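Trainee: Pasting a structure below so you can have a look.
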């Protein structure tokens, strides 16, 4: 038999499990990105996109989240790429985008600061 390996990084998907997850999600993970970047995709659309790429024999299964696909592609490493030239052109832009994303994540953690007095933190010693 022919064995194929695929990898997928689905985006936030509108499912009952994701709704439950959001009820207990830590402040930092729910406030890292501006509201305009917190898109939740319909489960049917996510499944259709993943299955289409799988049936097409793609290794990296894309999702409906175009921005997320590019970020994963840039940060994930070596794998067969469908559009290497376009990715090479976008690479310098995404270095800056990644730096901005790290800054935003750090800002969300520092803003809340509830972890400062946690056991094992440097400020509790």
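In our numbering, the protein residues as written are 60 to 184. Even glycine gets a Cβ: it sits at the ideal position worked out from N, Cα and C. Bear in mind that the values here come from a model prediction, so they are computed numbers and not experimental data.
Measure from the alpha carbon of residue 118 to the alpha carbon of each residue in 82, 142 and 93, then state which is nearest.
Mentor: Residue 142 is the option with its Cα nearest to residue 118.
Trainee: Using only alpha-carbon positions, find the residue among 79, 82 and 125 that is nearest to residue 100.
Mentor: 125
Trainee: Fully enclosed by the stretch 80–104, which alpha helix (DSSP H) runs are 4 residues long or longer?
Mentor: If we require 4 residues or more, the alpha helix (DSSP H) runs fully inside the stretch 80–104 come out as 86–90.
Trainee: For residue 104, which of 123, 147 and 167 has the nearest alpha-carbon?
Mentor: 123
Trainee: In or out: residue 184 buried (at least 16 other Cβ within 10 Å) or exposed?
Mentor: With a pLDDT of 45 at residue 184, under the threshold of 50, the modelled position of that residue is not reliable, and no figure is offered here.
Trainee: Between which two residues does the alpha helix (DSSP H) harbouring residue 166 extend?
Mentor: 143–171
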